[in-house]
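For reference, the structure discussed in these notes is given below.
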Amino acid sequence: MSKRDAHAWAGVDAGKGHHWAAVVDGSGVTLWSKKIDNDETAILTALAEILELADTVHWAVDISGTSSALLLALLAAHGQQAVYVPGRTVNRMAGAYRGEAKTDARDSYVIAETARHRRDFATIDVPAQLAADLALLTAHRSDLVADRVRMVNRLRDVLTGVFPALERAFDYSAHKGALVLLTRHQTASAIRRRGRARLTAWLTNRAVRGADAVAAAALEAAQSQQTVLPGEDVAAQLVADLAVQILALDDRLKRVEKQIRDTFRDHPQAAVIESLPGMGPILGAEFVVAAGDLTAYADAGHLASAAGLVPVPRDSGRRTGNLHRPKRYNRRLRRVFYMSAQTSMIREGPSRDFYLKKRSEGCRHVQAVIALARRRASVLWALLRDDRLFTPAPPSAHAV
1 MSKRDAHAWA GVDAGKGHHW AAVVDGSGVT LWSKKIDNDE TAILTALAEI
51 LELADTVHWA VDISGTSSAL LLALLAAHGQ QAVYVPGRTV NRMAGAYRGE
101 AKTDARDSYV IAETARHRRD FATIDVPAQL AADLALLTAH RSDLVADRVR
151 MVNRLRDVLT GVFPALERAF DYSAHKGALV LLTRHQTASA IRRRGRARLT
201 AWLTNRAVRG ADAVAAAALE AAQSQQTVLP GEDVAAQLVA DLAVQILALD
251 DRLKRVEKQI RDTFRDHPQA AVIESLPGMG PILGAEFVVA AGDLTAYADA
301 GHLASAAGLV PVPRDSGRRT GNLHRPKRYN RRLRRVFYMS AQTSMIREGP
351 SRDFYLKKRS EGCRHVQAVI ALARRRASVL WALLRDDRLF TPAPPSAHAV
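So the sequence shown is numbered by this note's numbering: it starts at 1 and just counts up by one.
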């Protein structure tokens, strides 16, 4: 190049093993386009080459997760800031350019061009140590919960095939005593041979709460089935193994949740977040991870919009007031507000009163919960802005 540009736009199509970066100037001409290994040395080499192309480089990536973590950290370390261009936007913008090919080089060019034309994309901030720790812990907890749901469903399916009465007798997703029972007794004949007294004593020795009620329910189920079904012995072994795994997984979940709780309470505004009814340490940690820096939201409406709690109009001609649910929003942030709204409306208080008010106005359950979640987003934003705890009665104007 004979002349250094004032501005350039770099689009990065991020991947697990490698990235592809393309740089365009103010007129859309490609200045640089190369494959970059997801390695510190390769990224630093490419970064130095790109920064030589212009006085100011505007970065854009299509993935803000683990695949681009090293890239984003190195950009932040060199004073560079990147914006997030959603994959849906990249896919739609690709149709505005010539050709139908789908390559990493073309995708990175489209990302750069999209960032050049639009200046309203969200900036990606490298999380602080606390937020990074919570992100890893909450993601790990979600994986463990998903594994537990899968194993419970598998256990119930196997048990239904050989002992349907016992499968109906307990809710295995929430009954620890029933799982302890299955580690040793899985068939009707085994439970009948054991008897109620000995079964109760066996459960009591293993610290099962309500051991007599568990033994009575199991014996009643065993008395209702006298037929031995094919594959009962193998199914019993599988059920016992699954029950042991679920109990071990419950212990792992308790340890992870304690770690999340302890880590979250190191956050400077943890007490403010937890003061809002329905926001415990787990949802509070997920909120910190999903929302990021609160200064990124100009007001409560921006926070609610990011969570997908603000309807978007789809008007045409004389058709107005046609509001629909948005398609582009932070799913994790929406889940935090939705789940906290569901929890808070169970107990007496402002949240339940607001929910019942919406129901009396003709809203269905889901509509009322979303309206409550929207209201709670505004309340939480105000609490964090003022750094004060939630109180059922609103503060006086003088105090504010």
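In this text, a Cβ means the ideal position worked out from N, Cα and C, and glycines have one as well.
Note that this is a predicted model, so its numbers are computed, not measured.
Out of curiosity, what's the CA-to-CA distance linking leucine 356 and arginine 156? Along the sequence shown, one-based indexing puts residue 356 at 356. Along the sequence shown, one-based indexing puts residue 156 at 156. Computed Cα separation, rounded: 37 Å.
By Cβ distance, which residues of its chain are closer than 8 Å to methionine 1, with the 5 residues on each side in sequence left out? Within the sequence shown, the letter at position 1 stands for residue 1. Unreliable positioning characterises methionine 1 in this predicted model, as indicated by a pLDDT of 45, which lies under 50. The coordinate reading is nonetheless provided below. If we look at methionine 1 and ignore the five residues flanking it on each side, its Cβ neighbours are Leu31, Leu53.
Residues near alanine 304 in its chain [Cβ-Cβ closer than 6 Å; skip 5 each side]: Residue numbering aside, residue 304 sits at position 304 when the sequence shown is read from its first letter. Closer than 6 Å at the Cβ level, and outside the excluded window around alanine 304, lie Val310, Arg374, Ala377.
Can you find the residues in the same chain that come closer than 8 Å, C-beta to C-beta, to leucine 372, ignoring five residues on each side of it along the sequence? Position 372 of the sequence shown, counting from 1, holds the residue named residue 372. Counting only Cβ-Cβ distances below 8 Å, and skipping sequence neighbours, we find Ala341, Ser344, Met345, Ser351, Phe354, Tyr355, Lys358.
In angstroms, rounded to a whole number, what distance separates the CA positions of valine 228 and threonine 160? Residue mapping note: residue 228 aligns to position 228 of the sequence shown, counting from 1. Residue mapping note: residue 160 aligns to position 160 of the sequence shown, counting from 1. Valine 228 and threonine 160: Cα-Cα distance of roughly 13 Å.
Can you check whether the CB of leucine 199 is closer than 7 Å to the CB of alanine 178? For the purposes of this step, residue 178 is taken as the residue at position 178 of the sequence shown. For the purposes of this step, residue 199 is taken as the residue at position 199 of the sequence shown. No.
Short check: CB of leucine 389 to CB of serine 275, under 7 Å? Taking the sequence shown and counting its residues from 1, one reaches residue 389 at position 389. Taking the sequence shown and counting its residues from 1, one reaches residue 275 at position 275. Yes; because the gap between Cβ atoms is below 7 Å, this pair is in contact.
Sequence-distant residues of the same chain with beta carbon closer than 7 Å to leucine 166, five excluded per side: Mapped onto the sequence shown, residue 166 falls at position 166. Shown here for leucine 166: same chain residues with a beta carbon closer than 7 Å to its own, the five before and five after excluded, namely Leu159, Ala218, Ala221 in chain order.
Look at isoleucine 246 and alanine 285 and say whether their C-beta atoms are less than 7 Å apart. One-based indexing of the sequence shown puts residue 246 at position 246. One-based indexing of the sequence shown puts residue 285 at position 285. Against a cut-off of 7 Å, the Cβ pair of alanine 285 and isoleucine 246 comes out as no contact.
How is the beta strand (DSSP E) around glycine 11 delimited, first residue to last? The residue you call residue 11 lines up with position 11 of the sequence shown. Segment 5-13, the beta strand (DSSP E) holding glycine 11.
Identified DSSP bridge partners for isoleucine 124: Position 124 of the sequence shown holds residue 124. Partner(s): Ala82.
Quick check: the Cα distance between threonine 187 and glycine 231, rounded to an integer number of angstroms? Against the sequence shown, residue 187 aligns to sequence position 187. Against the sequence shown, residue 231 aligns to sequence position 231. So the two alpha carbons sit approximately 11 Å from each other.
Does the beta-carbon of serine 68 have 16 or more other beta-carbons within 10 angstroms, so that it is buried, or is it exposed? Against the sequence shown, residue 68 aligns to sequence position 68. Under this definition serine 68 is a buried residue.
When you compare only the Cα positions, how much space is there between histidine 19 and alanine 169? Within the sequence shown, the letter at position 19 stands for residue 19. Within the sequence shown, the letter at position 169 stands for residue 169. Rounded to whole angstroms, histidine 19 to alanine 169 spans 54 Å at the Cα level.
Should leucine 136 go down as buried or exposed, given a rule of 16 or more other Cβ atoms within 10 Å for buried? Counting from 1 along the sequence shown, the entry for residue 136 is found at position 136. Leucine 136 comes out exposed.
Would the stretch 88-102 count as touching the stretch 247-258 if we require 3 or more Cβ pairs under 8 Å? no
Determine which residues share a DSSP beta bridge with isoleucine 111 and list them. Stepping through the sequence shown from its first residue, residue 111 is reached at position 111. DSSP, once it has assigned bridges, lists no residue as partnering isoleucine 111.
Just reading off the beta strand (DSSP E) that serine 275 is part of, what are its end residues? Residue numbering aside, residue 275 sits at position 275 when the sequence shown is read from its first letter. Per DSSP, serine 275 belongs to no beta strand (DSSP E); it is in the alpha helix (DSSP H), 270-275.
Residue ranges of each alpha helix (DSSP H) within the stretch 271-350, 4 or longer: Runs found: 281-291, 300-306, 331-344.
Measuring only the C-alpha atoms, how far is glutamate 49 from alanine 22? Within the sequence shown, numbered from 1, the residue matching residue 49 stands at position 49. Within the sequence shown, numbered from 1, the residue matching residue 22 stands at position 22. Taking the straight line from one Cα to the other gives about 12 Å.
Please tell me whether threonine 204 and alanine 211 are closer than 7 Å, where the distance is taken between their beta carbons. Translated into the one-based positions of the sequence shown, residue 204 becomes position 204. Translated into the one-based positions of the sequence shown, residue 211 becomes position 211. Yes, they are a contact pair.
Taking tyrosine 338 as the reference, give the member of Ala368, Gly349, Phe264, Thr45 with the closest Cα. Locating residue 338 in the sequence shown gives position 338, where the first residue counts as 1. If we check each option's Cα against that of tyrosine 338, Ala368 comes out closest.
Among Phe121, Arg184, Gln226, Ala190, which residue has its Cα nearest to the Cα of arginine 206? Counting from one through the sequence shown, the residue named residue 206 turns up at place 206. Out of Phe121, Arg184, Gln226, Ala190, Arg184 has the C-alpha closest to the C-alpha of arginine 206.
Am I right that alanine 60 and glycine 11 are in contact with their C-beta atoms under 8 Å? What's the rounded C-beta distance? Locating residue 60 in the sequence shown gives position 60, where the first residue counts as 1. Locating residue 11 in the sequence shown gives position 11, where the first residue counts as 1. The beta carbons of alanine 60 and glycine 11 sit about 5 Å from each other, so the pair counts as a contact at 8 Å.
Please classify leucine 134: does DSSP put it in a helix, a strand, or coil? Stepping through the sequence shown from its first residue, residue 134 is reached at position 134. Correct three-state label for leucine 134: helix.
So valine 29 and alanine 112 are in contact, right, with Cβ under 8 Å, and what is the actual spacing, rounded? As a working mapping, residue 29 is identified with position 29 in the sequence shown. As a working mapping, residue 112 is identified with position 112 in the sequence shown. Actually they are not in contact, since the Cβ atoms of valine 29 and alanine 112 sit about 11 Å apart, beyond 8 Å.
Per-residue DSSP class, three states only, for methionine 1: If you number the sequence shown from 1, residue 1 lands on position 1. Low per-residue confidence applies at methionine 1: pLDDT is 45, beneath 50, and the placement is therefore not dependable, though the value from the model is reported in the following sentence. Coil, per DSSP.
Just to confirm, is the Cβ distance from arginine 141 to leucine 249 under 7 Å? Mapped onto the sequence shown, residue 141 falls at position 141. Mapped onto the sequence shown, residue 249 falls at position 249. The answer is no: Cβ separation not under 7 Å.
When the Cα atoms are used, what is the spatial distance from arginine 325 to aspartate 315? In the sequence shown, residue 325 corresponds to position 325, counting from 1. In the sequence shown, residue 315 corresponds to position 315, counting from 1. Approximately 13 Å, taken between the alpha carbons.
Whole-angstrom C-beta distance between tyrosine 172 and valine 152, which should lie under 8 Å: Here residue 152 corresponds to residue number 152 of the sequence shown, with the count starting at 1. Here residue 172 corresponds to residue number 172 of the sequence shown, with the count starting at 1. At roughly 5 Å, the Cβ-Cβ gap stays under 8 Å, so valine 152 and tyrosine 172 are in contact.
For the structure I just gave you, are there three or more beta carbon pairs, one from the stretch 68-83 and one from the stretch 120-130, closer than 8 Å? yes
Have a look at Arg265, Gly278, Ala190 and flag the residue whose alpha-carbon is nearest the alpha-carbon of glutamine 237. As a first step, residue 237 must be located in the sequence shown, where it is residue number 237. Comparing C-alpha distances from glutamine 237 to each of Arg265, Gly278, Ala190 shows the shortest one belongs to Ala190.
For leucine 47, is the classification buried or exposed, using 16 other Cβ atoms within 10 angstroms of its Cβ as the cut-off for buried? Taking the first residue of the sequence shown as 1, we reach residue 47 at position 47. Buried, by the Cβ-count rule.
Look at leucine 333 and alanine 290 and say whether their C-beta atoms are less than 7 Å apart. Taking the first residue of the sequence shown as position 1, residue 333 is located at position 333. Taking the first residue of the sequence shown as position 1, residue 290 is located at position 290. Cβ distance < 7 Å, so leucine 333 and alanine 290 count as in contact.
So, helix, strand or coil for aspartate 37, using DSSP? Within the sequence shown, the letter at position 37 stands for residue 37. Reduced to three states, the DSSP call for aspartate 37 is strand.
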